[in-house]
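Chemist: Under our numbering, the residue at position 33 of the sequence shown is numbered 33, and the numbers go up by one with no gaps. For glycine and all other residues, C-beta sits at the position ideal for the given N, C-alpha and C. As the structure is a prediction and not an experimental result, all values here were calculated from the model. Starting off with a structure, shown below.
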Amino acid sequence: MPPMLDVSDEVRAEIGDEEADRLLTGESAPGGYDCTSCRTPGDPRQERTSTVLFIGDETAVLAFAHATCLPSQVVKVTEEQLQGAVKSITGDTVDPEPQQAVLGVTSGLVLISGELHPALVVEPTAPIARPGTTTTGDDFLPLLVEQGFLPVHDLSAVPPVLHGWSVLLAMGQLHAVLQPSPSGGRPVAWWQAHQPLQVTDGWRAAAGKHQQVLMFAAPVGSIGRQPREDLLREALDQAAAGGRLVAAALPLAGT
1 MPPMLDVSDE VRAEIGDEEA DRLLTGESAP GGYDCTSCRT PGDPRQERTS TVLFIGDETA
61 VLAFAHATCL PSQVVKVTEE QLQGAVKSIT GDTVDPEPQQ AVLGVTSGLV LISGELHPAL
121 VVEPTAPIAR PGTTTTGDDF LPLLVEQGFL PVHDLSAVPP VLHGWSVLLA MGQLHAVLQP
181 SPSGGRPVAW WQAHQPLQVT DGWRAAAGKH QQVLMFAAPV GSIGRQPRED LLREALDQAA
241 AGGRLVAAAL PLAGT
């Protein structure tokens, strides 16, 4: 019996019809695998399985995931991520372009209406100016509002879904926040980890349950590096009350 594999059109375009057909007939399909998203075992003969192609600058790796965790898709990553060559540094910051500030990203669980939701809190280390300007003002929140994020005045409700943006959770780790490509192609990284970030089992389980991640963003100095989730929530509440917080719900894994 052929495996229950999903090969998307974009994956087929990258690997070619011949290899795609070999996968679908079972000739080159795995007998079993560790899901590239949740890291638990999977069997394409027993459950629907997605083919996920990670493409670096020079190489590509074909991975497999439960169809309930990830759709079949092509994911652009850095060559360093693909090769696993980057050693652990801070692991949670990256220099976005064209801004020169560093974005600090913290993961945590946030309780809203009695239910835990996986969240990412983004705070730059310095004011972020609008690209092409030389002013010293901070346009971080206005830039995000222009992209569709909404101001949050309290954390009493889950923010609306921002379609086109997504959070890439792959190989059981947090890789990137993706945004729509200006050219209309596949999504591009708005934020990308130097090295994939570890998340807790509880965070990953909540992300799998909701199939989305709440992203909160605040200007420099609003949140800080909080060592506990209760302190993180307190800082979020204060930032929201002070009009210094925007948020959106981002679908999981680039869908």
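Please list the terminal residues of the continuous alpha helix (DSSP H) segment that includes E229.
Modeler: Taking the first residue of the sequence shown as position 1, residue 229 is located at position 229. Looking at the DSSP string, the run of the alpha helix (DSSP H) that includes E229 is 229-241.
Chemist: Taking its Cβ as the centre, do 16 or more other Cβ atoms sit within 10 Å of K76, making it buried, or is it exposed?
Modeler: Looking up residue 76 in the sequence shown gives position 76. Buried is the call here.
Chemist: When the Cα of S113 is compared with those of Q147, S156, L103, which residue comes out closest?
Modeler: Residue mapping note: residue 113 aligns to position 113 of the sequence shown, counting from 1. Answer by Cα proximity: S156.
Chemist: Name the one or two DSSP bridge partners that G20 has.
Modeler: As a first step, residue 20 is located in the sequence shown; it is residue number 20 there, counting from the start. Before going further, note that residue 20 is Ala rather than Gly in the sequence given. BP columns for A20 are empty, so no partner.
Chemist: Please report the Cβ distance between P251 and S181, rounded to the nearest whole angstrom; I am assuming they are in contact, meaning their Cβ atoms lie under 8 Å.
Modeler: On the sequence shown, position 251 is the one that residue 251 refers to. On the sequence shown, position 181 is the one that residue 181 refers to. Incorrect: roughly 16 Å between the Cβ atoms, too far for contact.
Chemist: Taking 8 Å as the cut-off, does the stretch 199-209 touch the stretch 219-226 (at least 3 CB pairs, one atom from each stretch)?
Modeler: No, because fewer than three Cβ pairs between the stretch 219-226 and the stretch 199-209 fall closer than 8 Å, the two stretches do not touch.
Chemist: What residue from E18, C35, S28, V61 has the CA that sits closest to P3's CA?
Modeler: Taking the sequence shown and counting its residues from 1, one reaches residue 3 at position 3. Among E18, C35, S28, V61, the Cα nearest to that of P3 is on S28.
Chemist: If you drop the 5 nearest sequence neighbours on each side, which residues of the same chain put their C-beta closer than 7 Å to that of E47?
Modeler: Mapped onto the sequence shown, residue 47 falls at position 47. These residues qualify, in order along the chain: M4, H66.
Chemist: Kindly list the residues whose CB is nearer than 8 Å to the CB of M171, restricted to its own chain and excluding five residues on each side of it in sequence; keep chain order.
Modeler: Taking the first residue of the sequence shown as position 1, residue 171 is located at position 171. Counting only Cβ-Cβ distances below 8 Å, and skipping sequence neighbours, we find T36, S37, R39, A63, P196.
Chemist: From H117 to V61, what does the alpha carbon distance come to, in whole angstroms?
Modeler: Looking up residue 117 in the sequence shown gives position 117. Looking up residue 61 in the sequence shown gives position 61. Spanning the two alpha carbons is a distance of roughly 31 Å.
Chemist: For P159, collect the residues of the same chain with a Cβ closer than 7 Å to its Cβ; drop the 5 residues on either side in sequence, then sort them by chain order.
Modeler: The residue labelled residue 159 in the question sits at position 159 within the sequence shown. For P159, where only same-chain residues beyond five positions count, the Cβ hits under 7 Å are L150, V152, L214, A247, A248, A249.
Chemist: Using CA atoms only, rank isn't needed, just tell me which of M1, L111, I55 is closest to G31.
Modeler: Looking up residue 31 in the sequence shown gives position 31. The shortest C-alpha separation from G31 is found at M1.
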